[in-house]
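To keep things clear, I will list the structure first and then write my remarks on it.
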Amino acid sequence: MLVFIHLLLVNFFIYKIVIRNLHFSTISNDIIKASAELGHSVKFIYNVKNKNKYPLSLLFVDMLTQDNNKDILEIKSLLNTKISIEKPHKKKHGPPQYHNCQSYEDTRNNCHHELNCGKCGNINPTNECSKDRHNPAKFALCNEKYTANYKGYPVYKALHKKT
């Protein structure tokens, strides 16, 4: 019984793609039928909207995992429309920074450093900092004049290139 459940779950992994230049008024069922004719099974289609809730010619598509999923990236037209299909862009996150000690690549589970404030550099929690907004910030790790989340810190830049 356990083997059956595992095999069943493997078939439900999702392969995500982005379809560009397909008009937002295109009916989702037409897209599903057209992709089924090409041998791809679509699970869900989401039409992306801008900040004013106006639909864009950009669709996020969730497909069931199959052996031929990578072939869909080569499709240049769908429903008599020239389109481009690509994988979604992933957000690049920097190295983790623990909010108690402000140290990079440090997390709650493995932190053994002392407490440091992210604004004033003193030994107090950042949410209880009494530093005035008009006084310059002080980074706890190097005593420079910026806050702990400053992305221009040389150590952060070096660690961000690794990730």
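If you count by the UniProt record's numbering, then the sequence shown holds residues 1 to 163, one letter each, in order. By construction, the Cβ of each residue, glycine as well, lies at the ideal position given by its N, Cα and C atoms. Quick caveat, the model's predicted, so the values are computed rather than measured.
Taking all protein chains shown into account, Tyr46 has fewer than 16 neighbouring C-beta atoms within 10 Å of its C-beta and is therefore exposed.
Beta-carbon to beta-carbon, Met63 and His40 are separated by about 6 Å, close enough to satisfy the 8 Å threshold.
In terms of Cβ geometry, Leu22 and Ile31 form a close pair [threshold 9 Å]. Contact between the segment 98 to 115 and the segment 128 to 135 is absent, with fewer than three C-beta pairs closer than 8 Å. If you draw a straight line from the Cα of Ala158 to the Cα of Lys151, it comes to about 11 Å. Taking 9 Å as the cut-off, the Cβ atoms of Asn100 and Asn116 count as close. Within the same chain, Cβ atoms closer than 8 Å to the Cβ of Ile75 are found at Leu38, Ile83 and Ile85, the five residues on either side in sequence being excluded. In this structure, Cys120 sits away from Lys145, with a CB-CB distance that is not shorter than 9 Å. In this structure, the CA atom of Thr147 is about 10 Å from the CA atom of Leu141. Taken through DSSP and simplified to helix, strand or coil, Lys145 comes out as coil. In the displayed model, Ser84 falls within a strand according to three-state DSSP.
As the crow flies, the alpha-carbon of Leu73 is around 8 Å from that of Ile17. Straight-line spacing of the CA atoms in Phe60 and Cys111 works out to 39 Å.
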